Each structure stands twice: as C-alpha cells, then as structure tokens.
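See structure below.
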Amino acid sequence: MESADASADPGEDPDITALIPVVRRVIRARVSDPSAAEDLVQETLVRVLGAAHRIEPGTLEPYAIVTARNVVASMWKERDRHRRNQHRVLDLSPVEAPDDELLRQEDEKAITTALERLSERERQTLLAHEVSGLDTRVLGDDLGLTAGAVAAQLNRTRARLRVEYLLALHDISAPTPQCRPVLLALSSGERRRQREVHAARHLLECDVCADLSLPLMSRGQQSDTEVRVPIHDAPDVVLARKQARELASRLGFSGTDQTILATAVSEIARNIVRFAGKGVVLIEMLDDPRPGLRVTASDTGPGITDVDRALRDGYSTYNGLGMGLPGARRLMDEFTLVSELGRGTTVTMTKWRQEGTPHE
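All residue numbers for the sequence shown refer to this note's numbering, where the first residue is 151 and numbers rise by one.
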C-alpha cells in the first residue's frame, strides 16, 4: 500500500482561463453590476467544467455561451420573483402552498407520455431491468444479445426517455427536425454524435434546446452538512461538483474558491469513472479549527502502481482538463492519497475558508 501527503497553493487551470473572457463578455453585456456579473461568471464556469468531459472539445465555448445566457436568465427570474413577493414580508397570514397533488399528476403524466414515445422493445426492456430487476445478462439471453449490447441499449433508452420526459413536462414540441437528435446526443453524452449533428451551432440558434440542455446535463440533490455522492458515470461527476460548490457557498467561500473546489472535485471524481468504474465521494462541512470543506473520494479500482509519480507535477492521469492528481493537489490546502493495488484508492483533500472571507 502506498500513500502520500501534500499541500500546495491553489493554481489556475489553463482551460478555465481560456473560457473566462468570452463568458465575461456575454454576462457583462446583460448585467451591469460588476459584482453580480463576476458571481455569474463563476457559476457559469462551474457548470461548464462539470459538463466538459461530456462535450466535444470544439463545442465547449458555444456550450459556455449558452450556459452563461441561462445563468443570467435564471438570475433575472429569481429577482423578479423576489420583487413580486416583497409585499409578503410583513404579511403574517399563511401562504397557500402549491398544489402538490396537481404537480404530482403532471409529473406522472409526463412520465407516462415519455414511456409511450419509446418503442415497444425499448419500453419492455427498460421496465424489465428497472422495475422487475432483471440484469443485463438475463435480458441478453432473452433478446439474443450480449450483456454489453443490452447495457448500451438501456443507456440509449434512458437518454431518449429523459428527452421525451422534458418535452412532455413542459408541453414543448421540437421546433425543428434537428432538435431531437441534438437533445439525444446531449442526453447520452456521445461526443462523436454531438459533432455529427452540429450540436454546438444548434444550441446557439435554438432557444428551446438551449433551455433544455442544462437539465439534460445535470441532476440536482438536496444538500446538508454532509453529502455522499455515488460515482458511476459522468452525470455523477457533475452532481459531486455541484454539491461541493453548494456546501462551499453555505460556508462563505468566495466565488473563486468555490470554482477551485468544484474543479478539484471534478478531477478526482472523473478519475473514479475512468479508472475504477465506481466509487463514492463524501463531502463534509467542517468548523474546527475554522470553516472548511473536506472531500473524501474512495473507489475499489485497481489502485495506483506508483503514487509518487502520479502526484508529480506535470503528470496527468488522462487527457481531461490537463490537471490530474497533481493539479487537484495544488488546488487544495491539504491532500492525502492512499492506494493499494487490487484494493482501490482513497483521496482525502481539504480546503479551508480564507481568514477574513465574508459570509455570503
């Protein structure tokens, strides 16, 4: 078993730096308050970093532009909602809650509609796997396919189901014949397919697909003082990054440090997906000796043969953001890696809130 402890000053990732000017231009053209604009720049970068590994490299900048527009639109909607409800601040009478039953019925209707839009074979296979619990090997025997082929078919079906569900939930008809292929490519994360259907250009031209692209690329979850995120595939990496940023925000971390944390978590979580296949990321809020965030990423993969080499500056475990373990280590205040061949790897890293940082 090999282990290593390290600490280093945070650094900037070159890919992040390259996106900042265009994101800043898009946002500052729509938001005049410099402070608010900078916060939105940070939010946009975090979202883009979480999705970067699922998008064709040449489409990253267009996706960043679309994300920036959506982040700004969300801010204005939230401010408008607060403005319209200001009169309720002094209104002590109870506010009627939304009709939960109606919302539940609308959700069920959307799910039913989405399932009906699948082919009979897609629907039956998906239900047999998700509801009846049949594994891919058993399904493969019934369908005359290998377990791997069934797994690939299930992934495509889930991707299509997500698209059809969103369209049904929002009662949207795809404006152009290109919309569904683009949305399916984004939902499945197939970078080659995204390039083939010219997803980058389409997102800039189609407001409907631009709005639907973000929920297709991420999934939400309620946060607490401790969040555990199982890691199996790319969407889980996005979720882990999002949770880290949300907890950091609650602790009063600056926007820049939130981005740093999110970047480090993305790198470690993506290592799990790429090299171990599955694992878990545990994110904990700390208050002793001062506010901070501890991230523990564990997997049961093959382990790391040479830990010292893997942590050496200039060494990248894969062609992702170009950071790998050394880059994640530099972004955090404390970093420990323990790896045992054939048993797995555990990375524990901590970021402390800077003294004097105001609570947000």
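Glycine included, each C-beta is placed from N, C-alpha and C at the ideal position.
All values reported here derive from a predicted model rather than from experimental measurement.
Excluding the 5 residues preceding and the 5 following Lys428 in the sequence, name in chain order all residues of the same chain whose CB lies nearer than 6 Å to its CB. Around Lys428: His382.
Kindly indicate which three-state DSSP category Arg369 falls into: helix, strand or coil? With a pLDDT of only 47 at Arg369, under 50, the local geometry of the prediction cannot be trusted, and no value is derived from it.
Might you give, ordered along the chain, the residues of its own chain that have their beta carbon closer than 8 Å to the beta carbon of Ala426, omitting 5 neighbours on each side? The answer, listed in chain order, is Asp449, Thr450, Gly451, Pro452, Gly494, Thr495.
Hey, is the stretch 312-322 in contact with the stretch 258-271, meaning 3+ C-beta pairs nearer than 8 Å? With the cut-off at 8 Å, the stretch 312-322 and the stretch 258-271 touch.
Taking the straight line between their C-alpha atoms, what separation do you get for Pro309 and Leu277? The amino acid at residue 309 is misidentified as Pro; the sequence shows Ala. Taken atom to atom, the span from the alpha-carbon of Ala309 to that of Leu277 is near 15 Å.
Of the listed residues Arg479, Arg462, Val281, Glu490, nearest to Ile454 (C-alpha basis): Glu490
Mind checking Glu228: buried by the 16 CB within 10 Å criterion, or exposed? exposed
Grouping DSSP H, G and I as helix and E and B as strand, with all else coil, what is Lys428? When secondary structure is reduced to three states using DSSP, Lys428 falls in the coil class, being assigned neither helix nor strand.
Collapsed DSSP secondary structure at Ala264 in the structure displayed: helix
Touching by the beta-carbon criterion (3+ pairs, under 8 Å), the stretch 319-335 and the stretch 278-298: no
Endpoints, the beta strand (DSSP E) within which Gly494 is located: 494-502
Length at least 3, wholly inside the stretch 294-346: the beta strand (DSSP E) runs in chain order: none
Roughly how many whole angstroms lie between the Cα atoms of Ile410 and Glu270? Whole-angstrom Cα-Cα distance: 46 Å.
Kindly identify the DSSP beta-bridge partner or partners of Gly442. Leu436, Trp502
With respect to the alpha helix (DSSP H) encompassing Val379, which residues constitute its N-terminal and C-terminal limits? From DSSP, Val379 is part of no alpha helix (DSSP H) but of the beta strand (DSSP E) over 376-381.
Terminal residues of the continuous alpha helix (DSSP H) containing Thr413? Element bounds for Thr413: 405-421.
Take Met482 as the anchor and find which of Thr500, Leu475, Pro476 has the nearest alpha-carbon. Thr500
By the three-class DSSP mapping on this structure, what secondary structure does Ala447 have? strand
Between Thr406 and Gln192, how many whole angstroms is the CB-CB distance? I'm expecting something under 8 Å. 7 Å
Taking the C-alpha atoms as reference points, what is the distance between Val181 and Val281? 47 Å
Below 8 Å between beta carbons: does that hold for Arg342 and Ile205? no
Determine, using beta-carbon pairs with one atom in the stretch 356-368 and one in the stretch 214-225, whether at least three such pairs fall under 8 Å. yes
Once you ignore the five residues that flank Val497 on each side, which residues in its own chain have a CB closer than 6 Å to its CB? The residues Ile418, Ala447, Leu487, in chain order, have a CB closer than 6 Å to that of Val497 in the same chain once the five nearest residues on each side in sequence are set aside.
Out of Ala460, Arg444, Asp437, Arg440, which one is the CA nearest neighbour of Asn421? Ala460
What are the boundary residues of the alpha helix (DSSP H) that includes Thr275? 270-280
For Ala335, collect the residues of the same chain with a Cβ closer than 7 Å to its Cβ; drop the 5 residues on either side in sequence, then sort them by chain order. Arg343, Gln344, Val347, Ala349
Give the straight-line distance between the Cα atoms of Ala384 and Val423, rounded to the nearest whole angstrom. 7 Å
Which class does Glu251 belong to by DSSP, given the choice of helix, strand or coil? helix
May I have the straight-line CA-CA distance separating Arg369 from Val388, to the nearest angstrom? Reliability fails at Arg369, whose pLDDT of 47 lies under 50, so the model's placement of it is uncertain and the value that follows must be treated cautiously. C-alpha separation (whole angstroms): 8 Å.
DSSP state of Ser182, grouped into three classes? coil
Where do the ends of the alpha helix (DSSP H) carrying Pro452 lie? Neither: Pro452 is in no alpha helix (DSSP H) and is coded neither H nor E.
Status (buried if at least 16 other CB within 10 Å, exposed otherwise) for Ala168: exposed
Determine the direct distance from the alpha carbon of Arg462 to that of Glu256, and round the result to whole angstroms. 53 Å
Taking Cβ to Cβ, would you say Leu401 is nearer than 8 Å to Arg503? In contact: Leu401 and Arg503 (Cβ atoms closer than 8 Å).
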